[in-house]
Amino acid sequence: MDQKANNTKGFVLTAVTINSERNIVPVDITGIVSDIQFFEHLDKPYITGNIVISDSVRLYDRLDIQGAEEVIIEMQMNLDSPKVRRKFYITKIAAAQKTNETTEMIALTIVDDWFFRSTVKNVNKVFTGSPDSIIEQIAEQYLDLEVVREGSFVFQNEMKVIVPNLTPLQAIMWIKQRATTDDGMPFYVYNDFITNRLNISDVVTLTSQVPYNRRKPFLYGVTDSLVIDEKQYAYLPIKAYKIKDVQSMLSLVDKGLVSSTHSFFHTSHNKIRNHSFNIQKDIFDRIELDRSKHYKFSEDFKIDDENITKLGSRKISRISSSGPFEIGATANYKSYSEESDPSDHVRKITSRAMRHFLIKDPISIRVDGKAFIRGDYNMTIGNCVRLLFLANRPNTTDGGTKLDMLKSGDYVVYSSKHTFSLSRYDVDLECVKISDFTNEGSMLT
Amino acid sequence: MTYLDGVPNPELDYYGDDARWFIGTVININDPLQLGRCQVRIFGVHPDRTSDLANSDLPWAQTISPITEGGSSGIGTNLGIQPLALVYGIFLDGKNSQLPLVIGSMPKYERDPLRLREDTTGLVADQVQRSNITQSHNEDKNFVPAPIIDNELLVGSDNNERAFNYFLTSEGGGFTPAQAAGIIGNFCVESFANLRGGEISPTQEALNGDGSYGVAQWNPADAAGNRLGQLRNFAANNNLPYNSLYAQLTFTTFELYSKSWLGLRELKASRTPAEASKAFELRFERPLKTAARSEERIAFAEENYRKLK
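Protein chains in written order, with the numbering used here: chain A, 1 to 445; chain B, 446 to 754.
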């Protein structure tokens, strides 16, 4: 892939090198790379990817890839922009296939440097502090990784945990599950392709962002220009979109995320804290999700004349603690699942429900990747974007709406796939909706 | 493809669906809440090194009483479990492994050195060869070599930790962590721990050639009561090599409890590592004032207390 000659694709692949202790010098494979893909996810603190190479120089034969080689990838938006440089490791050869007498296509699966280093380490140690500070300790001690915290404070404080033989990233994800905001909103720990750091952010912070593309939203529809109320608006086209496996309310009900009864048992205190969870009452009526009016639950969902938010469809019983670090009136630490006040357990339920509700109706879009490789700023996961969809049958005769008001709105990017090929650079964004709009004007200002 | 499948799930619908059992060693039974709990170091879940998990950071495990006890209204007898008991239990929170519950103790090989010698005949020869164990201070070749004795009878990743854990047990005298650290602080100075990065040694000979030996540098001079000779007799009577840490620790406890002038009362009254170090130095070690190095003993005591408590 000769990248340096021009930049019509929206990116320049500066270097792809494979290195291992077994090689005397790094092997530059930039010229034979045919495709690269990266995957980012809001719920995963690492990046995975694929590299496809068109091997006509006996690379496969001579390199003898065994599945732990280092791959350095360098790219930039154009020759004047900052470079993005990430280190990956090959985890396996996914496939190898002959295409002609002299060429073989080889697909390599890669994971980022942190994940690889995490996999070869074991955490079996005691940690104290708030969940986010423990995450920082693990990231620093085991991965030498910068952690950036954004938004709300973590509600849970001074806990003591003994990490039971997990990799550093597993330990981070395990601790993350115990972190909520004061309102019980969940936290996400993620890594993006551009910045070399671990991000911690809560759902309220993520959903409160102003879309970075509000002046030039992504638009799906066959149109030369977006004109509404005789005013022309700039936009970036959505090449394709897909909606699949969404609005699975029954699945949420089945998990007890709509209505359920919860019991938390403290075995040494012999106390049980019970709570009847009702998603409307406990979350949507109670918590101000900023400008989002998307989260709502219709009063019309009834079974046998009873609203399903009141049916208590699941009974969930957990042991919250046995007071393993309780030694008297003072100097006590909470254990992993323990709360100082029994009523604080409600945050666990809220957090779990919110995590699932956030991804209840995702939409996947494909857009041109130009401008996504900015070297200094993450444009994908964890960001808010505005998406507009033209209505299937625009009501233009009486000045009515041109936009599909159900699909159009503001979304948080939940996962993404960057695809760099010989001819173009596309980004697939899986987005979750965070706000509805009542009129087109508010979406275009 | 997901790479983090091994993350324990804290969100079980029913607590009993993810049980995980364990075997562990009881480290401490002095439950400050007096609920019959014990601190257990769990094999395979808790690290062996106290630098990664200090004894004081071990979780307090609830214990199961037999149904012949009352179980409510404070009715029932005191639990009889002792430090170093091998116990079996389950985690109440499954793979999260934070809430241990001890169900019972497991009768085990009770560390009789005589039987140990009989049972490890082949092992001994093999390990002597592999570890190049010096026998110069082990005149009776019938004894199980000291490193094997110490590995079998003491708990810890190095000699300081083994000694510390030993002195906390009822067999070791039931000392507090501060008192145990005070003793070890003295052993560090006596056995020239500076030469080994701070670790005490039961095979240390005196650098001045006066024949003193071991972690406490027991002196062979008749004028000093030939305490080294007494150590050797004590060890021989108990079928132990006197160059083993275990023999020297048990002899230390024996001396403290059988000879009141060696300062058991003062040691037991001490509350801090520094107080304990001073008490042990003045009454048990009795060094010449010119070679006392009291501050160094206290520094070692406090350092070991921080690491091991």
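Note that beta-carbon positions come from the ideal geometry of N, C-alpha and C, so glycine has one too. Because the structure is a prediction, the values reported are computed rather than measured.
Item, Value
"Can you name the start and end residues of the alpha helix (DSSP H) that Asn749/B belongs to?", "Ser739 to Leu753"
"Beta-carbon within less than 6 angstroms of His41/A's beta-carbon, same chain only, minus the 5 sequence neighbours each way: which residues are those?", "Ser415"
"Counting only beta-carbon atoms, is Asp462/B nearer than 8 angstroms to chain A?", "no"
"Between the Cα of Ile381/A and those of Ser56/A, Thr195/A, Gly129/A and Phe284/A, spot the shortest distance and give me the residue it belongs to.", "Thr195/A"
"Counting only Cβ-Cβ distances shorter than 8 angstroms, please list the residues of the region 467–501 of chain B near chain A, keeping chain order.", "Pro477, Leu478, Leu480, Arg482, Gly489, Val490, His491, Pro492, Asp497, Leu498 and Ala499"
"Name the DSSP bridge partner or partners of Pro186/A?", "Thr180/A"
"Once DSSP output is grouped into helix, strand and coil, what is the label at Met551/B?", "coil"
"Give a yes or no on whether the minimum CB-CB distance between Ser443/B and chain A is below 8 angstroms.", "A question about residue 443/B goes unanswered here, because the residues of chain B that appear run from 446 up to 754."
"Kindly say whether Asn541/B, judged by its beta-carbon, lies nearer than 8 angstroms to any beta-carbon of chain A.", "yes"
"What is the rounded straight-line gap between the Cα of Ala638/B and the Cα of Ile327/A?", "34 angstroms"
"For the alpha helix (DSSP H) that contains Met379/A, what are its first and last residues?", "Neither: Met379/A is in no alpha helix (DSSP H) and is coded neither H nor E."
"Please identify, using Cβ separations under 8 angstroms, the residues of the region 323–343 of chain A that lie next to chain B, in order along the chain.", "Gly323, Pro324, Phe325, Glu326, Ile327, Gly328, Ser335, Tyr336 and Ser337"
"According to DSSP, simplified to helix, strand and coil, what is Phe88/A?", "strand"
"Can you list, in chain order, the residues of its chain with a C-beta nearer than 8 angstroms to that of Tyr425/A? Leave out the 5 residues immediately preceding and following it.", "Lys9, Gly10, Phe11, Asp368, Gly369, Lys370, Phe372, Ile373, His418 and Thr419"
"Candidates Leu252/A, Asp305/A, Asp61/A and Glu158/A: which alpha carbon is nearest Ile279/A's?", "Leu252/A"
"By a C-beta neighbour count over all protein chains shown, 10 Å radius and 16 as the cutoff for buried, is Ala5/A buried or exposed?", "Bear in mind that a pLDDT of 42 at Ala5/A, under 50, signals an unreliable position, so the number given afterwards is only what the model happens to contain. It counts as exposed."
"Using a threshold of 8 angstroms, state whether the C-beta atoms of Pro732/B and Glu740/B are closer than that.", "no"
"Can you list, in chain order, the residues of its chain with a C-beta nearer than 8 angstroms to that of Lys540/B? Leave out the 5 residues immediately preceding and following it.", "Pro453, Asn454, Asp463 and Arg465"
"Apart from the five residues just before and just after Val660/B, which ones in its own chain have a Cβ nearer than 6 angstroms to its Cβ?", "Phe632, Ser636, Ile645, Pro647 and Gln693"
"Among all the DSSP beta bridges, which residues are the ones paired with Lys334/A?", "Met159/A"
"Taking C-beta to C-beta, are Ile349/A and His275/A nearer than 8 angstroms?", "yes"
"In the structure shown, what three-state DSSP assignment does Val606/B receive?", "According to the sequence as given, residue 606/B is Glu; it is not Val. The answer is helix: DSSP assigns Glu606/B an H, G or I state."
"Whose C-beta lies closer than 7 angstroms to the C-beta of Asp55/A among residues of the same chain, with five residues either side of it excluded?", "Ile32, Thr103, Glu104 and Ile106"
"Using a Cβ-Cβ cut-off of less than 8 angstroms, list which residues of the region 171–205 of chain A approach chain C; keep chain order.", "Here chain C cannot be found, since the structure's protein chains are A and B."
"Return the bridge partner residues of Ala171/A from the DSSP annotation.", "Ala171/A pairs with nothing; no bridge assigned."
"Give every residue of the same chain whose Cβ lies closer than 6 angstroms to the Cβ of Asp571/B, excluding the five residues on either side of it in the sequence, and list them in chain order.", "Note that Asp571/B scores a pLDDT of 40, beneath 50, so its modelled location is shaky and nothing firm can be said."
"DSSP on Arg424/A, reduced to helix/strand/coil?", "coil"
"Please classify Lys723/B as buried or exposed, where buried requires at least 16 neighbouring CB atoms within 10 angstroms.", "buried"
"Give the DSSP-derived three-state secondary structure of Asn165/A in the structure shown.", "coil"
"Could you tell me which of Cys384/A, Met443/A and Arg393/A sits nearest to Leu429/A, measuring between CA atoms?", "Cys384/A"
"For Tyr377/A and Phe437/A, what's the separation of their Cα atoms in angstroms?", "28 angstroms"
"Strictly below 9 angstroms CB to CB, what residues from chain A border Val532/B?", "The contacting residues do not exist; Val532/B stays about 15 angstroms from chain A at best."
"Looking at chain A, is there any beta carbon in it that lies within less than 8 angstroms of the beta carbon of Val452/B?", "yes"
"Please list the partners that Leu390/A has in chain B, where partner means a Cβ-to-Cβ separation under 8 angstroms.", "Simply none; closest approach about 36 angstroms."
"Report the partner residues of Cys483/B according to the DSSP bridge assignment.", "Ala506/B"
"Can Pro164/A and Tyr142/A be called in contact, C-beta distance under 8 angstroms?", "no"
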